[in-house]
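Residue numbering for the sequence shown follows the working numbering, starting at 497 and increasing by one per position.
Contents: one structure, followed by commentary.
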Amino acid sequence: MAGRNPNARSRDMFISMAVLVLPVLLVVWLFSQEGDVRPEPVDVASVVERAQTQSPYPVLYAQDLGDGWQPVRATWAASGDPFVTSEPAVGNSWQVGYLSPREVYFEVLQRDSQGDTLIADATREGARIGEGVDLAGLSWERYESGDGRTRSLVSTDGDVTSVVSADTDFAELEAFTSALVEAPPQG
Numbered sequence: 497m498a499g500r501n502p503n504a505r506s507r508d509m510f511i512s513m514a515v516l517v518l519p520v521l522l523v524v525w526l527f528s529q530e531g532d533v534r535p536e537p538v539d540v541a542s543v544v545e546r547a548q549t550q551s552p553y554p555v556l557y558a559q560d561l562g563d564g565w566q567p568v569r570a571t572w573a574a575s576g577d578p579f580v581t582s583e584p585a586v587g588n589s590w591q592v593g594y595l596s597p598r599e600v601y602f603e604v605l606q607r608d609s610q611g612d613t614l615i616a617d618a619t620r621e622g623a624r625i626g627e628g629v630d631l632a633g634l635s636w637e638r639y640e641s642g643d644g645r646t647r648s649l650v651s652t653d654g655d656v657t658s659v660v661s662a663d664t665d666f667a668e669l670e671a672f673t674s675a676l677v678e679a680p681p682q683g
């Protein structure tokens, strides 16, 4: 009859721990892998063309931004049509977004109804600060969110409210806004 191995308890404990810990470490490693999850570019021009035929106001989009900028969102919805969240659009609504070379998201929102609600939502309940600025043929007011993270430029022309927002400083936001051009209605 064989005798008891005095190291069996320690060895068995280490084997049991390895059986439990290795799968957990493997799962953590698999799900913590960072991949290149850069969003797919979108065709802004085709959405601009559709907006031009349906919109009663000129829509704004960026032109000649330079290397590294990527359009990642372009959406148009006539009043009542499904918009970004599949909810009916409040007024005629336009949204276009670009990712900067530093991977900062810049967004342009326009709507011809409930401008105050658009401003509150897009500026993250921001407050007007400082002097206004004239860019891209429009007059803009500066807004900053309560936590200071998001800066926005807001322009109102009649019923049309336009908001340009990004989590960046005003210098970069204004440089982006300077690259905006109007696509006039054609419908």
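Glycine is no exception: its CB is placed at the ideal position from the N, C-alpha and C atoms.
So residue i and residue j are supposed to be a Cβ contact under 8 Å. How far apart are they, rounded?
i: ALA570; j: ASN588; result: Wrong, their Cβ atoms sit about 15 Å apart, outside the cutoff.
i: GLY622; j: SER651; result: Rounded, the Cβ-Cβ distance is 14 Å, inconsistent with contact.
i: VAL555; j: GLY593; result: Their Cβ separation, rounded to whole angstroms, is 13 Å, which puts VAL555 and GLY593 out of contact at 8 Å.
i: LEU631; j: GLU670; result: 6 Å
i: GLN559; j: VAL660; result: Between VAL660 and GLN559 the Cβ distance is about 14 Å, and since that is not below 8 Å, they are no contact.
i: ASP608; j: ASP655; result: 5 Å
i: ALA675; j: LEU561; result: 5 Å
i: PRO519; j: GLN566; result: Contact flag wrong, Cβ pair sits at about 39 Å.
i: ARG645; j: ASP665; result: In fact, because the Cβ distance is near 11 Å, the residues do not count as touching under 8 Å.
For residue i, which option in the options has the closest C-alpha, if you only look at C-alpha atoms?
i: THR673; options: ASP653, ASP643, ASP655, TRP636; result: TRP636
i: GLU543; options: PRO535, TYR557, GLU536; result: According to the sequence shown, residue 543 is Val rather than Glu. The shortest Cα separation from VAL543 among PRO535, TYR557, GLU536 belongs to TYR557.
i: PRO552; options: GLU627, ASP560, THR657; result: THR657
i: VAL540; options: TRP572, GLU668, ARG607, VAL629; result: TRP572
i: LEU605; options: TRP590, ASP612, THR613; result: TRP590
i: ARG624; options: GLY633, ASP612, GLU545; result: ASP612
i: VAL586; options: GLU536, GLN610, GLU530; result: GLN610
i: GLY633; options: ALA679, LEU595, PRO597; result: ALA679
Would you identify the three-state DSSP class for residue i, choosing helix, strand or coil?
i: VAL568; result: strand
i: ARG647; result: strand
i: VAL600; result: coil
i: ALA623; result: strand
i: THR475; result: Nothing about residue 475 can be read from this structure; the chain reaches only from 497 to 683.
i: ALA675; result: coil
i: THR657; result: strand
i: GLY593; result: strand
i: SER635; result: strand
Worksheet entry | Validate contact between the stretch 628-646 and the stretch 524-531 using beta carbons, cut 8 Å, 3 pairs | The stretch 628-646 is not in contact with the stretch 524-531.
Discussion item. Just to confirm the assignment: which complete beta strand (DSSP E) runs, minimum length 3, are found wholly within the stretch 525-586?
Written reply: Taking only runs of at least 3 residues, the beta strand (DSSP E) segments lying wholly in the stretch 525-586 are 555-558, 566-573.
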